[in-house]
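All you need for this note's numbering is the position in the sequence shown, starting with 1, plus 5. Where is the CB? At the ideal position from N, CA and C, for every residue including glycine. Bear in mind that the values here come from a model prediction, so they are computed numbers and not experimental data.
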Amino acid sequence: MTAATRASDRPLALFVAFGFALSLGIATVAVPLLVLGSGFDAAVVGFLVAVSAATQLATRFALPWLLGRLPDRLLISVAGTFMFAGFVLFASSALLPAFVAAQMAQGAARAIFWTSSQTHAIRSGGSPVRRLVDLNLAGNAGTLTGPVLAGVLAGVGFTVPMLVAGVAVGLSAAGAVAMHRLPPYDRRRSAGSWQLMRRKGVDLALWTNVAGGVWWSIIGSYVPVILLGAGIVPALVGLLVTISEGSGAAALLLLRRLRSDLVPRVLRTAAIVEMAMLVGIAFAPPLFAAYVTLLILGGVAAGCVTSLGPALVALAATEHEQADGIALSGVFRSTAQLAAPALVGALLAVVSIPVAVAGIAVAIALPGAVLGRRPSTRERPATSVAP
């Protein structure tokens with residue numbers, strides 16, 4: 006890909022990411038409202054979230070195979086089509102089987118889209134860190150805008166946000182077709198996921214992806230419960246979560262010029278800070294200012310982890326191992342997102358929510374002291390071509 010082609014491809018790729026993320030942000034608010042408005046209870050909302058998460062995790066295992074056979078721009082468009090189909094189901098039916106099918110389609114779409122978008126960004130040339138930061142900034146713009154838009158549109162009708170989200174992701178899917186075509190990965194030239202895990206720095210990157218998954222899953226589940234228990238009103242709870250995500254987006258601007266040799270150090274620090282902030286939130290005095298500070302610091306750390314975790318894997322991989330590496334990062338993150346809330350729920354049988362949340366955060370943070378410091382059993386081949 007020439008420099009001119011790369012320059013023309015990036016704005017379109019960022020538009021595609023924004024459109025998909027906007028639909029995702031709308032769904033975050035609109036889906037629970039629609040489900041509850043259709044006569045189902047909160048337990049069904051939780052079940053549907055689990056269905057989406059499980060489908061997303063299962064799909065990630067197939068992504069190295071898919072990326073070895075199909076161009077990533079095609080997979081990005083397919084993901085948008087799946088997401089669109091989910092919104093059509095939500096808007097056209099109030100039956101539980103339709104909701105389950107919609108969540109399965111959208112769970113698969115999330116896995117395919119983000120992994121394929123990350124591989125496309127890395128292969129577009131330039132610094133992997135900068136390319137992933139730009140992609141995440143476009144995504145954050147959508148996920149921050151979407152919930153607000155969904156809240157406004159839901160006042161007109163619960164299906165209206167679904168229609169608007171469908172238009173946004175439909176444009177995203179159409180735009181992906183016009184992105185520059187990059188050939189599928191040649192998986193015969195990849196050492197495979199297990200060998201890649203033994204590469205220097207990859208263990209650190211995968212651990213931080215677990216930490217990132219734990220952070221976002223707890224932020225979206227038990228942190229609001231802790232905040233409500235501390236006397237924070239629901240409107241302010243939503244504001245705090247938005248501020249946290251916004252601070253993560255702001256942090257990304259500082260990472261665009263980060264040198265590759267500094268990535269492991271910044272990544273390790275960010276993941277430990279992330280878990281420390283969860284402990285702080287669990288035991289903080291019930292003061293709004295305290296929660297603002299902890300969520301901003303945690304959001305900054307989470308923004309760093311979200312971009313730098315996959316970037317470190319990409320730096321350790323050869324050109325044709327990137328599909329395995331990015332997919333592997335997603336598997337670890339998705340596993341943590343699915344398992345952490347369930348584990349906290351199981352611990353609630355014997356301890357309080359703050360103790361359960363803090364205990365998991367400490368357990369996740371501890372490996373960070375040693376991972377990435379040991380000598381690797383297999384270095385990156387000297388003949389590889391860095392993206």
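Problem - Rounded straight-line distance, which links the Cα of I127 to that of A406 - result: Because the chain is modelled from 6 through 392, residue 406 falls outside the range shown and cannot be assessed.
Problem - Local Cβ density within 10 Å of F118, reported as buried at 16 or more and exposed below that - result: buried
Practice task
Would you mind giving the Cβ-Cβ distance between A26 and A143, rounded to the nearest angstrom? I have them listed as a contact below 8 angstroms.
Solution key: 7 angstroms
Handout entry: CB contact flag (A319, Q327, <8 angstroms)
Key = yes
Handout entry: Residue span of the alpha helix (DSSP H) that contains R338, given as start and end
Key = Q327 to L352
Exercise for the section: Measure from the alpha carbon of I358 to the alpha carbon of each residue in L313, S312, G234 and A368, then state which is nearest. Expected result: G234
Exercise for the section: Count the other CB atoms, across all protein chains shown, that sit within 10 Å of the CB of S249; report buried if there are 16 or more and exposed otherwise. Expected result: buried
Exercise for the section: Within 10 angstroms of the Cβ of V390, are there 16 or more other Cβ atoms? Answer buried if so, exposed if not. Expected result: For V390, the predicted structure reports a pLDDT of 33, less than 50, and the residue's modelled location is therefore unreliable. A value from the coordinates is still provided. By the 10 Å Cβ count, V390 comes out exposed.
Practice task
Indicate the three-state DSSP secondary structure (helix, strand or coil) for R204 in the structure shown.
Solution key: strand
Practice task
Determine the burial state of G44: buried for a count of at least 16 other Cβ atoms within 10 Å of its Cβ, exposed for fewer.
Solution key: exposed
Problem - Environment of R78 [buried if 16+ CB atoms lie within 10 Å] - result: buried
Practice task
Give the secondary structure of L263 by DSSP, where H, G and I count as helix, E and B as strand, and everything else as coil.
Solution key: coil
Handout entry: C-alpha gap between V394 and L292, whole angstroms
Key = No answer is possible for residue 394: it lies beyond the span of the chain, which begins at 6 and ends at 392.
Exercise for the section: For S177, I'd like the list of residues in its chain whose CB is within less than 7 angstroms of its CB, leaving aside the five on either flank, ordered along the chain. Expected result: V21, G24, F25 and G85
Practice task
Throw me the rounded Cβ distance for the G151 and G253 pair, which I believe falls under 8 angstroms.
Solution key: Contact flag wrong, Cβ pair sits at about 16 angstroms.
Practice task
Just tell me which of L267, G314, A287 and T60 has its CA closest to the CA of V207.
Solution key: G314
Practice task
Can you tell me which of the three DSSP states S43 falls into?
Solution key: coil
Handout entry: Cβ pair count under 8 angstroms reaching 3, the region 278-288 against the region 223-237
Key = yes
Problem - Three-way DSSP call (helix, strand, coil) for G160 in this model - result: coil
Practice task
Counting only the same chain and skipping the five closest in sequence on each side, list residues whose C-beta sits under 6 angstroms from that of V336.
Solution key: R65
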